[in-house]
Amino acid sequence: MAGKKGVEGFSYVPNDCPLNSTVQLASGGKKAEYFFCGTRFVAVKNPTWLANFRAIAARPDDVIFATQPPAGKAKEAGLGLIKAFTGAREVSGHTEFYDFEMDPSGSGLNLEAPGRRLFGTHVSFEWLPTSVLSTPAGQSPCKVVMLVREPKEYIVAANDFAGGGAAGIDPLLERHVGAALGSGDGEMGAGSRGFAAFTNGYSAALGGSGNGGPNVFLLSQTHLANPSTVEAEVARLAAFLGILDYQEQMYEDAVSKAQSSAATALGSVGKMTAEQAETADTVFNEPLVDQRATCFYSSTMACEGMWRRKLGPWPRLGDYRVTPSVGQT
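Residue numbers (our numbering): 536 to 864.
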C-alpha cells in the first residue's frame with residue numbers, strides 16, 4: 536500500500552483510499568463490521584466519519600490511548616491514570632475512531648475547547664489523525680499510549696465481551712492467527728488488522744518522535760493488574776506523561792483503582808484448551824510480534840533490560856507494517 540510521506544523513510548497514510556472507496560458489510564449484528572480500504576472496522580458505514588477523525592488537528596499536549604478492539608473494561612485503568620496525571624478531558628469514547636457515527640460533522644465534540652485532550656481509540660496506528668502521525672513543523676509531538684495485553688488473556692476477554700461462550704474461543708483465535716500468518720481471510724478477518732499487526736504498528740513507532748512521529752509508550756495490562764508491579768508500571772507512565780515530581784503516595788488512590796480495574800478486566804486464560812494456549816503462545820511471540828511488546832506479557836519488569844541486551848537500536852517506524860491489499864474481501 537502506497538503512502539503519503541511525512542518524513543523521509545516514514546510511510547503513514549494510505550493514499551490509495553479516496554473518500555468514495557467502497558464500504559462493504561463484513562458481518563451484521565448490534566455492532567456491524569465493515570471492510571474499508573484494507574481494514575476491518577466496527578460501525579464505519581460512512582468513510583467520511585473516518586476522514587473527519589483523521590483530519591483532527593493534533594495539539595502538542597494531546598494524549599491518544601489505543602487499545603485492541605474490543606477492550607471492554609480493560610481500557611479503564613489506563614484512562615483513569617492518564618486523566619489523573621494530566622487532567623485531560625476525554626473527548627472520545629473508545630470506538631474505532633470516535634463517535635462521528637453519532638455526530639458526523641463533529642460539531643458537538645468540543646474539539647476546539649481549551650484544555651488538554653484525551654482520545655481513546657481502537658484504530659491501528661496508520662489510521663490515527665495524520666497530524667499525530669506526522670508532527671506539524673514547529674510543533675512538539677503529541678503522546679500516544681498503547682495498551683499491551685497478553686494474547687491469551689486478550690482472546691478470552693474479547694470472546695467473553697462478545698458473549699461467545701467456550702465455543703467462541705476457537706474461531707476468534709483462528710481469525711487473529713490467520714491475520715498474523717496470512718491464512719484464511721488474513722488481516723481482513725480481524726478488527727484493526729488483528730492482534731499481531733495492531734501491536735506491531737504501535738511498537739514499531741517507539742522512538743520515532745525524533746523523525747517526525749509521535750512519542751509512543753507501551754503500557755502493560757499485566758503489570759497494572761499485578762500488585763507487585765503496578766507501582767513501577769504507573770511510575771513509568773507518569774514519567775512518560777511528564778510528571779517529573781511523581782510520588783506514589785500522591786496518587787495512591789489512582790494506583791489502587793488502576794490495579795483493581797486491570798485485574799478485574801483480565802480474561803481467564805484457564806478457559807483455553809492446552810492446544811489453543813500453545814497456538815497463541817507460538818504465533819503471538821517473536822518473530823511475528825515485536826519483542827518490545829512481547830516482553831510486557833510477563834508479570835516481571837524485564838523489558839528495559841531486554842531491550843538493552845538483545846534488541847539494539849530502535850527500528851524505523853513502519854518496519855513491522857504489513858500492507859493488506861485494498862479491496863481485499
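Quick reminder that beta carbons are idealized off the backbone N, C-alpha and C, glycines included.
Using the Cβ count rule (16 or more neighbours within 10 Å means buried), how would you classify residue i?
i	result
A773	buried
E813	exposed
M785	exposed
P762	exposed
N694	buried
P664	buried
D597	buried
R843	Confidence is the limiting factor: at R843 the pLDDT is only 46, short of 50, which leaves the residue's position unreliable, though a coordinate-based value still follows. Exposed, since its Cβ has fewer than 16 Cβ neighbours within 10 Å.
A702	exposed
E647	exposed
T670	buried
S659	buried
E821	exposed
T817	exposed
Q603	buried
T808	exposed
A692	buried
A592	exposed
D780	exposed
E787	exposed
F802	This sequence places Gly at residue 802; Phe is not what is there. Flag for G802 reads buried.
G805	exposed
G655	buried
G853	With a pLDDT of 36 at G853, under the threshold of 50, the predicted position of this residue should be treated as unreliable, and no value is reported.
Determine the direct distance from the alpha carbon of residue j to that of residue i, and round the result to whole angstroms.
i	j	result
V751	V679	5 Å
P582	A567	14 Å
A586	H657	15 Å
Q794	S834	13 Å
A619	A789	7 Å
C552	Q782	47 Å
E766	N735	26 Å
V683	P706	22 Å
E625	R652	6 Å
K610	A590	24 Å
P595	Q811	43 Å
G613	I778	15 Å
F571	S562	13 Å
E688	V769	21 Å
G743	I599	15 Å
A815	A739	21 Å
S718	A672	41 Å
A537	L716	For A537, the predicted structure reports a pLDDT of 30, less than 50, and the residue's modelled location is therefore unreliable. A value from the coordinates is still provided. If you take the alpha carbons of A537 and L716, they lie about 22 Å apart.
Q674	V667	11 Å
L759	I704	25 Å
T621	V712	37 Å
A922	L560	Residue 922 is absent from the model: the chain starts at 536 and stops at 864.
H629	K792	Unreliable positioning characterises H629 in this predicted model, as indicated by a pLDDT of 49, which lies under 50. A coordinate reading is not provided.
A798	L708	22 Å
T829	S727	19 Å
I617	A623	7 Å
E661	R771	25 Å
A601	T557	26 Å
Y569	P686	24 Å
L776	L823	29 Å
N746	A800	36 Å
G584	R827	It is worth fixing the name first, because residue 584 is Trp in this sequence and not Gly. When rounded, the distance between both Cα atoms is 33 Å.
V577	Y737	20 Å
D825	C838	12 Å
N645	G615	20 Å
I690	G700	12 Å
F819	F588	30 Å
List the DSSP bridge partners of residue i.
i	result
S755	V683
S727	BP columns for S727 are empty, so no partner.
Y569	L560, F576
G699	DSSP lists no partner for G699.
T485	The chain is shown only over 536 to 864; residue 485 falls outside these bounds and no answer can be derived.
F733	Answer by DSSP bridge pairing: none, since F733 is not bridged.
E709	According to DSSP, which records beta bridges pairwise, E709 is partnered with nothing at all.
A625	Per the sequence shown, the amino acid found at residue 625 is Glu instead of Ala. In DSSP, E625 forms a bridge with L653.
What do you reckon, are the CB atoms on residue i and residue j nearer than 9 Å?
i	j	result
S676	P749	The amino acid occupying residue 676 in the given sequence is Pro; Ser does not appear at that position. Cβ distance < 9 Å, so P676 and P749 count as in contact.
L754	L741	no
T757	Y832	yes
P605	F733	no
R710	G698	no
A714	G721	yes
T574	M723	yes
S796	K608	yes
Segments of 4+ residues assigned as alpha helix (DSSP H) that fall wholly inside the segment 770–851: 787–800, 809–818, 826–829, 838–841
Could you tell me which whole beta strand (DSSP E) segments of length 3 or greater appear in the segment 592–623? 598–601
Completely contained beta strand (DSSP E) runs for the segment 638–674, where each covers 3 or more residues: 652–656
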